[in-house]
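Straight run, no breaks: the sequence shown in my numbering ends on number 247.
Note that the Cβ used here is the ideal one computed from N, Cα and C, for glycine as well.
Presented below is the structure to which this report refers.
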Amino acid sequence: MNAEKQQLIDTLQKKILQWEGYRPPAVGTRSVVGLGPVEEAFPNGVFPVGAVHELLCGSTEQAAAGSGLVTGILSSLLQHGGICVWIGRKRRLFAPALSLFGVEPHKVIFISLAHDKDALWVMEEALKCSGLTAVVCEVSDLDFKLSRRLQLAVEQSRVTGFVMRNAADKPGSTACVARWRVTPLPSVAPDGLPGLGFLRWQVELLKVRNGRTGSWILEWGDGHFETVQQIWQAEERKVG
């Protein structure tokens, strides 16, 4: 393959990545949502916004942990203003608890719907609204056709979507740019003191388009994400 053809292919690949939400970070910046090493698994080393993410939730505990991870990401996405739509099914989300992650409840529009069909229709319409920053939707199932419609919607509006799938036993194939699974872990009290520590999760990136999969232990504390490796390094510096 000659140099001209290779250059054309490289240019097309970069454009496709940008259309899918993998835009390179601005000069002098690296992180978008503060996920640290997790973000490095994505193309260009940056969390893809303007794309649809899928979270598999096989239990109530995983659903709660997934909601925590998403809310932490929303705290970064909503930093400079914006509104999020959260479409739920059983009204399990306690809105005031969002403040724990730096998300003010008045910045979230809550919609409760009983059926997946209705929830996904509302999500698709919301994703078309460029005035929104993000849309979160809790459903039982999602097929490739519907996921493709969602992905096409965000490619025009640049809104970021999160689908919380409460049927992890039927993952199937979707057009989402990334598939996650979040599992709660016991907290560790800081400095060995008795009591509860910060929220901690096992975060798995099961599928990522043009990136690499992986598993990390993340903790939410003091308004940001930290990996366990970062926490250990900080503790070692204190001891040193």
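Asked	Found
The beta strand (DSSP E) that contains Arg-156, what's its start and end?	It is not in any beta strand (DSSP E) - Arg-156 instead sits in the alpha helix (DSSP H) that spans 151 to 164.
If you follow the beta strand (DSSP E) that Glu-233 is in, where does it begin and where does it stop?	231 to 234
Considering only the alpha carbon of each residue, which of Ala-196, Gly-138 and Asn-217 lies closest to Trp-227?	Ala-196
For Gly-230, collect the residues of the same chain with a Cβ closer than 6 Å to its Cβ; drop the 5 residues on either side in sequence, then sort them by chain order.	Gly-109
Take Ser-222 as the anchor and find which of Pro-193, Gly-204 and Arg-188 has the nearest alpha-carbon.	Arg-188
Are the CB atoms of Leu-127 and Ser-164 within a distance shorter than 8 Å?	no
Buried or exposed: where does Arg-37 fall if 16 or more other Cβ atoms within 10 Å of its Cβ makes it buried?	With a pLDDT of 48 at Arg-37, under the threshold of 50, the modelled position of that residue is not reliable, and no figure is offered here.
Could you give the distance in angstroms between the alpha-carbon of Glu-271 and the alpha-carbon of Val-184?	No answer is possible for residue 271: it lies beyond the span of the chain, which begins at 8 and ends at 247.
Quick check on DSSP: helix, strand or coil for Gln-209?	strand
Hey, how far is the Cα of Pro-193 from the Cα of Asn-9?	55 Å
Check whether the stretch 52 to 70 touches the stretch 85 to 93, taking contact to mean three or more Cβ pairs, one atom from each stretch, closer than 8 Å.	no
Who pairs with Met-171 in a beta bridge, going by DSSP?	Leu-62 and Glu-145
Quick one: using the 10 Å Cβ neighbour count with 16 as the cut-off for buried, is Arg-244 buried or exposed?	For Arg-244, the predicted structure reports a pLDDT of 41, less than 50, and the residue's modelled location is therefore unreliable. A value from the coordinates is still provided. Arg-244 is exposed by the Cβ-count criterion.
Helix, strand or coil for Thr-190? Go by DSSP, reduced to three states.	strand
In chain order, what residues of the same chain lie with their CB nearer than 6 Å to the CB of Glu-145, ignoring the 5 residues before and after it?	Gly-95, Arg-96 and Met-171
Can you tell me the Cβ-Cβ gap for Gly-73 and Cys-64, rounded? I've got them flagged as a contact below 8 Å.	5 Å
Is it buried or exposed, Arg-99, if we count other Cβ atoms within 10 angstroms and call 16 or more buried?	exposed
Is Phe-108 helix, strand or coil when you go by DSSP?	helix
Is the beta carbon of Leu-203 sitting closer than 8 Å to the one on Thr-140?	no
Just verifying my parser: in three-state terms, what is the DSSP assignment at Ile-90?	coil
Pick out whichever of Leu-81, Pro-55, Phe-49 and Gly-179 has its Cα sitting closest to the Cα of Val-115.	Leu-81
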